[in-house]
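Reviewing the structure listed below.
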Amino acid sequence: MTFRTCLRAGAAALALAAGGAANAEVTVLGWPGGPEEAALRAVTELYNAKADLAEENKVELLFTSRDGFFDKLQVDLAAGSTAFDINLIATYSIGRYAPFMEPVTLSDQAGAVFGDTVLKTMQFDGQQYGVPTDLSLHFLYYRTDLIDALLADDAAKAKYSEIAMKHLGKALEPKAPADWTWEDFVANALYFTQSINPESPTRYGTVIQAKNLLFNMMVFHSWPRSYGGNWMDDTGAITVDSEAFRTALSQAKMLFDLGATPPDSTSYEYAEANAAYASGQVAAMVQWNAAAGELTAAQAATGTTAPPAGPDGRFTHIHGLGLGLNKAAENKDGAIAFLQWLSTEEAALAYAKAGGAPGLASETAAKLVADRPDLVQVGEYASTYGFVMNGGTSENALSVYEAQAKEFTGYWAGTQDLDTALKNTAAAMTDLLK
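Numbering follows numbering that gives the first Met the number 0, with no gaps: position 61 of the sequence shown is 60.
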């Protein structure tokens, strides 16, 4: 059953549930469940209450199951469905939908509200295909109590340098996580691993979620990107077999080989990695910003900062959810008006206060300090450190992540060597991104 069938069957009930939107003429297919739905309902109610909004341009919200959402959406868009005027898009799927959607012009406030980096999460081939509504990126989470104790203990600092010299060839000194490079991250992970340092208060220095899963690759990508890594260059040549990826993959492999991450972490994804940190047996980890509430609740002495830096700087993978225009929309004028309003400060602040997670530029985010202090950090990191790999919004972006997950996790698990992993990855990416 496609979205078209589902939506037509349920449209009457959904319209009644929308509270007075039964005569709405702009239909929006949103992401069902969770804070995204709650936030979208809140801003839609605000929009529909505007005194100067014509009845025929009021908005009706439609939702269906998350299971197979993007595949079913592609079927309906390709079929020219008119069941919705506006639909959900994601950074890593825009290329799949672009042929069946129309680029949009956002409000003149959009640049100041979101910033260029966040707006680019909704762009494909240089055109804007949607309004960014929710942003995901990565934080470095660390135990402040452990770091503070290390920095205050001369004997511990000497031990740290000894371990770094032995395994990294450099007598690194401990420092505040906000100043870490990836080498510091590795050294810290080794120091806080009991099999390397029997006096460590934690069993493992870090946890790397390394299940063969595309979203785990997104967590990893900030590492090679900081060494200058990318998927392809400006000519379209695949550049994954590079010193940047080799360095990051090798550093991570060291942590697996030396037991600085749990031995079964090659089967870990989001939940398992969080559980390992929450148990108190991990000193630091890189994880999605969405985990902040869970991890700080489990370990009160938890600090957050941006991921570690490399020679090219400090970076965090970002991707977003957003809303764009169906090429077959029956009320394009009304749909465009709603999308333009969603890109204003009024709408962005309302969306955030209702539980959404937009990536906001610093001046806009500062207005949410009392209500959503977490979004201040998200907005700052997105604007300052956020990146999307070259090709990361292409039609086959998800398949690229899947190919990398298969080959990279095979290397970490010891089933193939680094040269083979990168050779296979480059071949797969060449086919997918050509």
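In this text, a Cβ means the ideal position worked out from N, Cα and C, and glycines have one as well.
- Ser249 counts as exposed, since fewer than 16 other C-beta atoms from the protein chains shown sit within 10 angstroms of its C-beta.
- Taking C-beta atoms as the reference points, Trp287 and Ser135 count as a pair closer than 8 Å.
- In the three-state reduction of the DSSP assignment, Met284 falls in the strand class, which pools E and B.
- Residue pairing of Gln127 in beta bridges, as defined by DSSP: Gln122.
- Looking from the CA of Glu345, the closest CA among Lys49, Gln122, Gln127 and Thr104 belongs to Lys49.
- Taken in chain order, no unbroken stretch of beta strand (DSSP E) lies wholly in the region 198 to 229 with a span of 3 residues or more.
- For Asn423, same chain residues with a beta-carbon under 6 Å away, outside a window of 5 residues either side, are Glu406 in chain order.
- The beta carbon of Leu294 sits closer than 8 Å to those of Tyr140, Asn273, Tyr276, Ala277, Gln286 and Thr301, all from its chain and outside the five residues before and after it, given in chain order.
- Annotation for Ser160: Ala170, Leu171 and Glu172 place their beta carbon closer than 7 Å to its own, counting only its chain and skipping 5 residues before and after.
- Taken atom to atom, the span from the alpha-carbon of Leu397 to that of Gln415 is near 23 Å.
- When the five nearest sequence neighbours on each side are left out, the beta carbons in the same chain lying within less than 6 Å of the beta carbon of Lys156 are those of Pro173, in order along the chain.
- Contact between the region 103 to 116 and the region 327 to 342 is present: 3 or more CB-CB pairs across the two stretches fall below 8 Å.
- Secondary structure note for Phe191: it is in no alpha helix (DSSP H), with a DSSP letter that is neither H nor E.
- In the displayed model, Ile88 falls within a strand according to three-state DSSP.
- Using a C-beta cut-off of 8 Å, the region 308 to 315 makes contact with the region 381 to 392, since at least three inter-stretch Cβ pairs fall below that distance.
- In this structure, Ala425 places its C-beta atom within 8 Å of the C-beta atom of Ile237.
- Here Gln208 is near Tyr267, since their CB atoms are less than 8 Å apart.
- Looking at the backbone, the Cα of Val27 and that of Glu182 are separated by about 46 Å.
- Leu28 sits in a strand when the DSSP states are folded into three classes.
- In the three-state reduction of the DSSP assignment, Leu359 falls in the coil class, being assigned neither a helical nor a strand state.
- With fewer than three CB-CB distances shorter than 8 Å, the region 64 to 77 does not count as touching the region 304 to 313.
- The Cβ atoms of Lys252 and Tyr410 sit closer than 8 Å to each other.
- Taking one beta carbon from each stretch, the region 118 to 128 and the region 82 to 100 have 3 or more pairs nearer than 8 Å; the two touch.
- Short of 7 Å from the beta carbon of Ala347, and not among the five residues preceding or following it, lie these beta carbons of its own chain, in chain order: Val112, Pro357, Leu359 and Thr363.
- Exclusion of the five residues before and after Gly258 leaves Thr192, Ser194, Ile195 and Tyr203 as the residues of its chain whose Cβ lies within less than 8 Å of its Cβ.
- If you ignore the 5 residues before and after Ala291, its C-beta comes within less than 7 Å of the C-beta of Phe138, Thr303 and Asp373, all in its own chain and listed in chain order.
- Your pair Asn56 and Gly323 does not check out as a contact, with CB atoms roughly 18 Å apart and the cut at 8 Å.
- DSSP places Val239 outside any alpha helix (DSSP H), giving it a letter other than H or E.
- Boundaries of the beta strand (DSSP E) around Gly323: His318 to Asn325.
- The beta carbons of Thr63 and Pro102 sit no closer together than 8 Å.
- Across the structure, Thr408 and Trp222 are spaced so that their CA atoms are roughly 15 Å apart.
- In this structure Ala53 is exposed. Its beta-carbon is surrounded by fewer than 16 other beta-carbon atoms within 10 angstroms.
- With distances taken between CA atoms, Ala163 lies nearest to Leu254 out of Leu254, Val377, Ala289 and Phe68.
- Apart from sequence neighbours up to five positions away, the residues of its chain that approach Leu213 with a beta-carbon distance below 7 Å are Leu397, Tyr400, Glu401 and Ala404, ordered along the chain.
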